[in-house]
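Under numbering that gives the first Met the number 0, residues 0 to 340 are what the sequence shown spells out, in order.
Glycine included, each C-beta is placed from N, C-alpha and C at the ideal position.
Quick notes on the structure that follows.
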Amino acid sequence: MKKITLFSSLFLMCLLTGNAQNIITVDNAPESNAQYKSLTEALDAAMPGDSLYVQPSATSYGEIVITKPVTLIGFSHSDPIIRTVVEEILLRSGASNVNINGFKVNKTISTPPSNSTQITNLTILNCYILGQLYFAGSGVEDLLVQGNVLPTFGSSSQDYNNFSDAIIMNNVFFGHYYVKNHQSVTSANNLHTNGRTVYNMDTANGMLRIQNSMFIVHWNGSGSYSYNNSGMLYENCLSFNFYGSRGINNLSGNDNINNINPQFVNGDDIWSSTRNFHLNTSSPAIGAGKDGNDIGIFNAGPFTFNNNGYANGIPTVNITSLTPIVPTNGELEVNISTTSY
Numbered sequence: 000m001k002k003i004t005l006f007s008s009l010f011l012m013c014l015l016t017g018n019a020q021n022i023i024t025v026d027n028a029p030e031s032n033a034q035y036k037s038l039t040e041a042l043d044a045a046m047p048g049d050s051l052y053v054q055p056s057a058t059s060y061g062e063i064v065i066t067k068p069v070t071l072i073g074f075s076h077s078d079p080i081i082r083t084v085v086e087e088i089l090l091r092s093g094a095s096n097v098n099i100n101g102f103k104v105n106k107t108i109s110t111p112p113s114n115s116t117q118i119t120n121l122t123i124l125n126c127y128i129l130g131q132l133y134f135a136g137s138g139v140e141d142l143l144v145q146g147n148v149l150p151t152f153g154s155s156s157q158d159y160n161n162f163s164d165a166i167i168m169n170n171v172f173f174g175h176y177y178v179k180n181h182q183s184v185t186s187a188n189n190l191h192t193n194g195r196t197v198y199n200m201d202t203a204n205g206m207l208r209i210q211n212s213m214f215i216v217h218w219n220g221s222g223s224y225s226y227n228n229s230g231m232l233y234e235n236c237l238s239f240n241f242y243g244s245r246g247i248n249n250l251s252g253n254d255n256i257n258n259i260n261p262q263f264v265n266g267d268d269i270w271s272s273t274r275n276f277h278l279n280t281s282s283p284a285i286g287a288g289k290d291g292n293d294i295g296i297f298n299a300g301p302f303t304f305n306n307n308g309y310a311n312g313i314p315t316v317n318i319t320s321l322t323p324i325v326p327t328n329g330e331l332e333v334n335i336s337t338t339s340y
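Put into structure tokens, the structure is as follows:
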């Protein structure tokens with residue numbers, strides 16, 4: 000408990016001394032001195048452009064609905080001790096210019112079929128979504144999905160794939176990924192686990208290009224495994240079947256590495272935040288991507304994927320040492336280290 004209290008104090012201090020304006024703090028812990036205990040009430044009170052910093056908690060903040068331009072910043076989706084958890088995030092018409100960062104989402108992030116106005120400029124970073132990510136109704140334009148752990152993204156139904164002018168990068172997929180407006184979607188440096196595949200939902204209008212990504216499976220069925228759904232073009236991607244005695248079809252496209260072990264530090268076809276999916280120094284994926292970048296989620300770009308989903312710019316705090324025994328009226332010596340992602 001003392002460690003959590005110390006974290007909370009430092010967390011708020013770091014936020015309030017930053018450059019952001021119109022900050023709203025939310026913490027549903029009973030002893031909290033944040034401005035709001037309910038995230039729904041905080042959103043209702045927020046003005047367009049406000050930033051809501053949502054403290055980690057043992058209790059979920061429930062289902063939330065966003066109807067205005069706001070920034071939601073949690074702490075982490077998979078920290079071993081403390082996480083910021085919501086049940087569901089529903090983006091209704093009016094939720095343009097929204098940023099969501101550092102949440103575990105037990106169900107879905109979505110726009111409903113009833114949305115009659117298109118949402119623009121939506122960013123989803125460092126989230127772990129356990130249900131589904133989809134955009135129905137008038138959908139989303141100008142979308143960035145980066146650094147997330149994702150289940151099924153989109154749907155086999157065309158009506159739930161309404162996103163365009165999108166960048167989908169540095170994500171882990173443990174479900175299928177469906178793209179309709181592929182002419183304006185960049186998909187690169189993603190890790191597709193569990194043998195899940197990508198679907199081009201508009202093959203009549205060209206190929207869906209996937210770059211610098213990995214496709215990992217543990218296939219022990221009959222025949223060879225294939226990722227070559229209709230209308231797919233893979234460039235500088237890697238595939239591998241961890242079940243060594245079974246084959247995998249070559250990826251359709253150019254400059255791919257087919258059925259070669261990526262040589263993770265400690266990872267396989269099942270995602271876990273406790274595994275290390277960085278590349279060993281002898282990995283064939285190093286420098287094998289387009290423009291000499293690495294294949295996979297840890298490319299050399301400005302964004303750094305982190306397994307625990309820490310929100311960018313929010314420090315993690317660790318007590319590295321403290322005085323084990325303190326006499327009466329003595330001094331307690333505590334050494335603290337921080338890391339910002």
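Where does residue 57 land, buried or exposed, given buried means 16+ other C-beta within 10 angstroms?
exposed
For residue 11, which residues in the same chain have their Cβ closer than 7 Å to its Cβ, ignoring the five residues on either side in sequence?
Because the pLDDT of residue 11 is 48, which lies under 50, any placement of that residue in the model is unreliable, and the number read from its coordinates should be weighed accordingly. Contacts found: 24.
Are the beta-carbon atoms belonging to residue 127 and residue 152 less than 8 Å from one another?
no
Which term fits residue 114, buried or exposed, when burial requires 16 or more other beta carbons within 10 angstroms of its beta carbon?
Buried is the call here.
Any 3 or more C-beta pairs closer than 8 Å across the segment 244-260 and the segment 269-280
At 8 Å Cβ cutoff, the stretches do not touch.
With DSSP run on the structure shown, which of helix, strand or coil describes residue 327?
Of the three classes helix, strand and coil, the one that applies to residue 327 here is coil, per DSSP.
Residues in the same chain with beta-carbon distance under 7 Å from residue 327, minus the five sequence neighbours each way, listed in chain order, please.
none
So, with DSSP's three-state summary, where would you put residue 60?
If DSSP states are grouped into helix, strand and coil, residue 60 belongs with coil.
What are the partner residues of residue 50, as DSSP defines its beta bridges?
22 and 70
Just the Cα atoms here: how many angstroms apart are residue 164 and residue 73?
Cα to Cα, the separation comes out at about 26 Å.
For residue 135 versus residue 111, is the C-beta spacing smaller than 8 Å?
yes
Span of the beta strand (DSSP E) holding residue 135?
From DSSP, the beta strand (DSSP E) with residue 135 extends over 131-145.
Closest by CA to residue 92, which one among 252, 98, 117 and 107?
117
Can you find at least 3 beta carbon pairs, one from the segment 292-305 and one from the segment 206-215, that sit closer than 8 Å?
yes
Taking the alpha carbon of residue 345 as the reference point, which residue from 159, 181 and 263 has its own alpha carbon closest?
Here the chain has residues from 0 to 340 only, and residue 345 is not among them.
Backbone secondary structure at residue 183 - three-state DSSP:
helix
When the distance is taken between beta carbons, is residue 242 closer than 8 Å to residue 194?
no
With respect to the beta strand (DSSP E) encompassing residue 343, which residues constitute its N-terminal and C-terminal limits?
Outside the displayed span of the chain (0 to 340) sits residue 343, for which this structure offers no information.
Rounded to the nearest angstrom, what separates residue 229 and residue 96 at their Cα positions?
About 34 Å.
Close Cβ partners of residue 160 (< 6 Å) along its chain, the five nearest in sequence each way excluded
153, 177, 179 and 200
With contact counted as at least three CB pairs below 8 Å, one residue from each stretch, are the segment 47-66 and the segment 82-89 in contact?
Judged by Cβ distances under 8 Å, the segment 47-66 makes contact with the segment 82-89, as three or more pairs qualify.
Outcome for residue 49 when other beta-carbon atoms lying within 10 angstroms are tallied against a minimum of 16
buried
Taking residue 129 as the reference, give the member of 121, 105, 145 and 43 with the closest Cα.
The candidate whose alpha carbon is nearest that of residue 129 is 105.
Let me check understanding here. Comparing Cα to Cα, which of 192, 246 and 227 lies closest to residue 202?
227
In or out: residue 286 buried (at least 16 other Cβ within 10 Å) or exposed?
exposed
Can you name the residues that DSSP bridges to residue 30?
Paired residues: none, contrary to the question.
Could you check if residue 204 is buried or exposed, using at least 16 other CB atoms within 10 Å of its CB as the buried criterion?
By the neighbour-count criterion, in which 16 or more other beta carbons inside 10 Å mark a residue as buried, residue 204 falls on the exposed side.
Start-to-end residues for the alpha helix (DSSP H) that takes in residue 42
38-44
Cβ of residue 190 within 7 Å of any heavy atom in the ligand MG?
Within the structure as shown, the ligand MG is missing, as the structure has no ligands at all.
Starting from residue 276, trace the beta strand (DSSP E) both ways and give me its first and last residue.
275-278
Residue range of the unbroken beta strand (DSSP E) whose run includes residue 198
197-199
Count the other C-beta atoms from every protein chain shown that fall within 10 angstroms of the C-beta of residue 310, then say buried if there are 16 or more, exposed otherwise.
buried
Would you please state the rounded distance, in angstroms, between the beta carbons of residue 103 and residue 76? I believe it to be under 8 Å.
4 Å
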